[in-house]
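Residue numbers (the UniProt record's numbering): 1 to 194. Backbone N, C-alpha and C define an ideal beta-carbon position, used for all residues, glycine too.
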């Protein structure tokens with residue numbers, strides 16, 4: 001997934017990919033994640049409130065319910081929404097948005113839907129960037145390493161400080177593997193909340 005800058009004064013557009021997130025975590029650490037997700041969440045909350053207010057408009061709501069009931073009657077034969085119905089629906093919603101004050105026009109509504117989708121995509125890109133970052137760190141760890149808990153009998157051969165440092169290192173490695181295995185499902189949290 002790639003995010004592309006929408007407008008630029010220069011000859012080039014900037015892109016934003018998983019590798020950029022991974023590099024940001026490598027440079028700045030994982031503390032960057034929670035504030036970023038919180039900012040996205042707050043923005044998404046405002047956008048969804050604005051979108052739901054438009055859907056609660058009686059005329060739009062009535063038109064969408066009519067469209068849903070028409071689709072449900074056809075859904076026994078057709079599994080997807082018919083493409084030929086889209087221009088009619090767009091025309092009707094545009095007419096409603098022009099005739100009704102205090103409502104977004106159709107283009108603003110489309111923009112709002114795109115922004116909601118992009119916010120969800122950004123959360124997904126953050127999650128994949130973190131998992132990629134953790135997996136890259138994990139590849140340097142040997143799979144054949146003998147756990148220190150098995151080699152406790154070797155503790156008598158080494159000083160207490162060395163053995164304690166080795167146990168701490170093993171704990172860090174275990175935490176790293178747990179962090180890699182955990183599914184950070186912020187995307188599902190967002191969809192369940194709204």
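- In this structure residue 97 is in contact with residue 106, their Cβ atoms being roughly 5 Å apart against a cut-off of 8 Å.
- Within the region 45 to 106, the complete alpha helix (DSSP H) runs of at least 4 residues fall at 58 to 74 and 86 to 99.
- Taking C-beta separations shorter than 6 Å and ignoring five residues to either side along the sequence, the partners of residue 22 in its chain run 129, 132 and 133, following chain order.
- In the DSSP annotation of this structure, residue 2 is not part of any alpha helix (DSSP H), being labelled neither H nor E.
- Taking a contact to require three or more Cβ pairs closer than 8 Å, the region 38 to 55 and the region 109 to 122 qualify as touching.
- Bridge pairing for residue 15: 4 [DSSP].
- Residue 89 and residue 78 have their C-alpha atoms roughly 18 Å apart.
- The Cβ neighbour count for residue 122, taken over all protein chains shown within 10 Å, is at least 16; the residue is labelled buried.
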